[in-house]
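Undergrad:
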């Protein structure tokens, strides 16, 4: 649950950053090649951040499933179910 909230917050932050950067590029077109390089770098880093957050979410989900299965098997063995 915490990871999902952080993932959503990160996505919103990255979207805001992208919009801000797009706006800045559209108003300052003095050096198009430099702006183009900056935008490519930004989008690559945003993509990497998003992929890392997705991987983190997946790993946390797997960990939670394993913990739940351990707890369930402990409850069954201990007859607490």
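Residue numbers (my numbering): 4 to 84.
Cβ coordinates follow ideal geometry from the N, Cα and C atoms, glycine included.
#1: Can you tell me the Cα-Cα spacing of residue 44 and residue 76, whole angstroms?
#2: Skipping 5 residues on each side, what residues in its chain have a beta carbon closer than 8 Å to that of residue 20?
#3: Take every Cβ of the region 9-20, pair it with every Cβ of the region 62-71, and state whether three or more of those distances are shorter than 8 Å.
TA: The answer reads as follows:
#1: So the alpha carbons of these two residues sit roughly 48 Å apart.
#2: Cβ-Cβ distances below 8 Å link residue 20 to 45, 49 in the same chain, with the five nearest sequence neighbours on each side left out; the list follows chain order.
#3: Too few Cβ pairs lie closer than 8 Å, so no.
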